[in-house]
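Since the structure comes first, as structure tokens, the remarks are kept for the end.
Protein chains: 2
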Amino acid sequence: MKAIVLSSGGVDSTTCLAVAVDKHGADNVISLSVYYGQKHNKELEAARAVADYYKVRHIEFDLKPIFEDSNCSLLMQNDTEIPKESYAEQLNKSEGEPVSTYVPFRNGLFLSVAASIAISNGCKEIYYGAHADDSAGNAYPDCSDEFTKAMWKAINLGSGCGLTIKAPFVNHNKAEVVKRGLELNVPYELTWSCYEGGDKPCGKCGTCIDRQKAFEANGVKDPGIL
Amino acid sequence: MKAIVLSSGGVDSTTCLAVAVDKHGADNVISLSVYYGQKHNKELEAARAVADYYKVRHIEFDLKPIFEDSNCSLLMQNDTEIPKESYAEQLNKSEGEPVSTYVPFRNGLFLSVAASIAISNGCKEIYYGAHADDSAGNAYPDCSDEFTKAMWKAINLGSGCGLTIKAPFVNHNKAEVVKRGLELNVPYELTWSCYEGGDKPCGKCGTCIDRQKAFEANGVKDPGIL
Numbered sequence: 003m004k005a006i007v008l009s010s011g012g013v014d015s016t017t018c019l020a021v022a023v024d025k026h027g028a029d030n031v032i033s034l035s036v037y038y039g040q041k042h043n044k045e046l047e048a049a050r051a052v053a054d055y056y057k058v059r060h061i062e063f064d065l066k067p068i069f070e071d072s073n074c075s076l077l078m079q080n081d082t083e084i085p086k087e088s089y090a091e092q093l094n095k096s097e098g099e100p101v102s103t104y105v106p107f108r109n110g111l112f113l114s115v116a117a118s119i120a121i122s123n124g125c126k127e128i129y130y131g132a133h134a135d136d137s138a139g140n141a142y143p144d145c146s147d148e149f150t151k152a153m154w155k156a157i158n159l160g161s162g163c164g165l166t167i168k169a170p171f172v173n174h175n176k177a178e179v180v181k182r183g184l185e186l187n188v189p190y191e192l193t194w195s196c197y198e199g200g201d202k203p204c205g206k207c208g209t210c211i212d213r214q215k216a217f218e219a220n221g222v223k224d225p226g227i228l
Numbered sequence: 003m004k005a006i007v008l009s010s011g012g013v014d015s016t017t018c019l020a021v022a023v024d025k026h027g028a029d030n031v032i033s034l035s036v037y038y039g040q041k042h043n044k045e046l047e048a049a050r051a052v053a054d055y056y057k058v059r060h061i062e063f064d065l066k067p068i069f070e071d072s073n074c075s076l077l078m079q080n081d082t083e084i085p086k087e088s089y090a091e092q093l094n095k096s097e098g099e100p101v102s103t104y105v106p107f108r109n110g111l112f113l114s115v116a117a118s119i120a121i122s123n124g125c126k127e128i129y130y131g132a133h134a135d136d137s138a139g140n141a142y143p144d145c146s147d148e149f150t151k152a153m154w155k156a157i158n159l160g161s162g163c164g165l166t167i168k169a170p171f172v173n174h175n176k177a178e179v180v181k182r183g184l185e186l187n188v189p190y191e192l193t194w195s196c197y198e199g200g201d202k203p204c205g206k207c208g209t210c211i212d213r214q215k216a217f218e219a220n221g222v223k224d225p226g227i228l
């Protein structure tokens with residue numbers, strides 16, 4: 003059976019790719035990355051390096067034009083500063099709205115792109131690295147278990163070929179993602195998480211903070227920030 | 003309230019656009035068309051003409067690269083002939099599979115693009131012109147009521163802002179779509195349905211046959227084939 007994996011070059015989706023390769027073999031896995039207008043290209047470079055490491059076919063698309071009207075702080079057209087605090091701290095100020103780094107329906111769009119590619123290439127599973135820390139408090143509503151199940155149903159019905167979404171971490175926290183990845187010897191030194199595009203991760207944005215905690219919880223040093 | 007309408011330049015989506023403009027006013031409606039690699043550009047030209055007629059903001063994207071691995075008979079990379087028969091006749095031969103003009107998860111992808119644009123622009127409704135004739139017998143699984151409801155749920159949950167899908171014709175046939183459109187004085191002479199890209203509609207492909215029947219059922223001549 004063939005599978006496609008949404009790969010952002012970060013910890014969660016790279017671990018997902020490792021799970022898919024472990025189950026299906028590299029020849030049966032496609033890795034898919036999408037540029038959506040981020041302020042930097044570090045994630046895409048990391049996703050390419052990871053695909054190269056695992057020797058899987060890698061596909062990339064540029065969907066930046068779709069997000070040009072968005073005020074999301076991650077996007078290059080916006081000067082808005084990327085918050086230098088944890089998601090929990092941001093949510094305290096957001097009054098139930100998604101955080102400023104939420105990209106409008108990005109994950110739903112990427113899953114739909116993956117569905118189109120999957121059908122064309124005979125894949126039966128789409129791997130999606132959403133995890134519980136990202137959906138907590140509705141920070142990223144398109145990472146929740148409920149959203150993922152609804153999207154699974156839509157893709158399953160709309161594909162006409164029994165396509166399914168596999169989201170192995172949707173009810174696990176990031177520390178558990180890293181735990182699974184360490185068991186699978188995931189090359190975390192190739193991954194990139196930081197929202198800023200510096201030479202080294204900033205260590206202060208929401209995703210840097212989350213990443214550090216996840217490695218600490220496993221008692222190991224994050225090889226991505228050495 | 004603002005709304006976005008998926009517009010292909012055909013009968014159904016143009017009627018949807020008329021419904022949205024009737025409800026929200028032209029200033030509050032965005033029309034969205036996507037090129038996906040069709041063998042001709044007639045549909046996009048029609049969608050532009052319709053948006054111009056209604057004086058709504060029109061957005062276009064080119065997502066052709068996403069469908070380059072597909073063997074769908076509508077796409078320019080495939081020599082496969084577009085069937086010259088009704089969907090019912092095609093389904094008799096397809097053994098439960100979607101028809102050869104099904105574009106892999108196209109409508110799910112377009113609805114996701116619409117969701118991203120809607121959130122960025124403060125739209126609360128996405129109009130989608132799917133109707134019951136297209137989903138009958140699973141010809142186009144991404145036109146069914148069940149699919150639309152699942153997609154509605156995914157978009158509603160994943161958007162974090164209460165975004166909804168309006169599919170006013172999902173349980174109506176094409177004749178009923180045309181009936182509503184005639185009441186709203188839809189400029190059907192501007193629309194294009196035929197899968198072929200000739201000077202005039204071929205009159206023989208699935209969508210030409212469906213269109214003719216829908217106008218005949220309303221006792222009027224189709225102004226799009228004069």
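Note that the protein sequences, when read in sequence, are chains A and B.
Residues in the first sequence are numbered from 3 upward in steps of one, following our numbering.
Residues in the second sequence are numbered from 3 upward in steps of one, following our numbering.
Glycine residues also receive a C-beta, built at the ideal position from the N, C-alpha and C atoms.
Owing to the predicted nature of the structure, the values given are computational and were not obtained by experimental measurement.
Same chain, Cβ closer than 8 Å to residue i, neighbours up to 5 away in sequence not counted
i: residue 113 of chain B; result: 8, 128, 130, 153, 157, 167
i: residue 88 of chain A; result: 208, 211, 212
Contacting residues, own chain, Cβ-Cβ under 6 Å from residue i (five flanking each side not counted)
i: residue 142 of chain A; result: 104, 136
i: residue 228 of chain B; result: Summary for residue 228 of chain B: the model assigns pLDDT 46, below 50, so the residue's position carries little reliability, and this model does not support an answer.
i: residue 42 of chain A; result: 199
Rounded separation between residue i and residue j - CA only
i: residue 125 of chain A; j: residue 6 of chain A; result: 7 Å
i: residue 63 of chain A; j: residue 160 of chain B; result: 22 Å
i: residue 16 of chain B; j: residue 215 of chain B; result: 18 Å
i: residue 209 of chain A; j: residue 121 of chain B; result: 23 Å
i: residue 58 of chain A; j: residue 19 of chain A; result: 9 Å
i: residue 67 of chain A; j: residue 221 of chain B; result: 43 Å
i: residue 213 of chain B; j: residue 170 of chain A; result: 45 Å
i: residue 175 of chain A; j: residue 85 of chain A; result: 21 Å
i: residue 207 of chain A; j: residue 24 of chain A; result: 32 Å
i: residue 244 of chain A; j: residue 177 of chain A; result: Since the first and last residues shown for chain A are 3 and 228, residue 244 of chain A lies out of range.
i: residue 12 of chain A; j: residue 72 of chain B; result: 29 Å
i: residue 90 of chain B; j: residue 194 of chain A; result: 51 Å
i: residue 187 of chain A; j: residue 116 of chain B; result: 39 Å
i: residue 75 of chain A; j: residue 69 of chain B; result: 30 Å
i: residue 3 of chain B; j: residue 60 of chain A; result: 41 Å
i: residue 201 of chain B; j: residue 78 of chain B; result: 18 Å
i: residue 155 of chain A; j: residue 65 of chain A; result: 24 Å
i: residue 47 of chain B; j: residue 96 of chain B; result: 32 Å
i: residue 14 of chain B; j: residue 14 of chain A; result: 41 Å
Candidates the options: closest to residue i by CA position
i: residue 36 of chain A; options: A/76, A/14, A/111; result: A/111
i: residue 92 of chain A; options: A/211, A/224, A/216, A/222; result: A/211
i: residue 173 of chain B; options: B/206, B/151, B/87, B/165; result: B/151
i: residue 40 of chain B; options: B/87, B/192, B/80, B/165; result: B/80
i: residue 28 of chain B; options: B/54, B/13, B/116, B/45; result: B/54
i: residue 119 of chain A; options: A/34, A/219, A/134, A/90; result: A/34
i: residue 101 of chain A; options: A/117, A/116, A/115, A/83; result: A/83
i: residue 98 of chain A; options: B/203, B/205, B/163, B/26; result: B/163
i: residue 26 of chain A; options: A/43, A/56, A/12, A/13; result: A/56
i: residue 106 of chain A; options: A/87, A/225, A/38, A/205; result: A/38
i: residue 139 of chain A; options: A/201, A/94, A/3, A/61; result: A/94
i: residue 123 of chain A; options: A/165, A/87, A/14, A/47; result: A/165
i: residue 108 of chain A; options: A/96, A/155, A/132; result: A/132
Test: residue i CB closer than 7 Å to a CB of chain C
i: residue 81 of chain A; result: Absence of chain C from the displayed structure is noted, the protein chains being A and B.
Contact set for residue i: own chain, Cβ-Cβ below 7 Å, skip 5 residues either direction
i: residue 51 of chain A; result: 192
i: residue 22 of chain A; result: 5, 7, 31, 129
i: residue 218 of chain B; result: none
i: residue 196 of chain B; result: 203, 204, 207, 209, 210
i: residue 225 of chain B; result: 190, 191
i: residue 10 of chain A; result: 35, 45, 49
i: residue 149 of chain B; result: 143
i: residue 223 of chain A; result: 217
beta-carbon residue i near the ligand MG non-hydrogen atom, thresh 6 Å
i: residue 129 of chain A; result: As far as ligands go, the structure on display features none, and thus does not contain the ligand MG.
Could you tell me whether the segment 144-153 of chain A touches the segment 179-187 of chain A, using the rule of 3 or more Cβ pairs below 8 Å?
Taking a contact to require three or more Cβ pairs closer than 8 Å, the segment 144-153 of chain A and the segment 179-187 of chain A do not qualify as touching.
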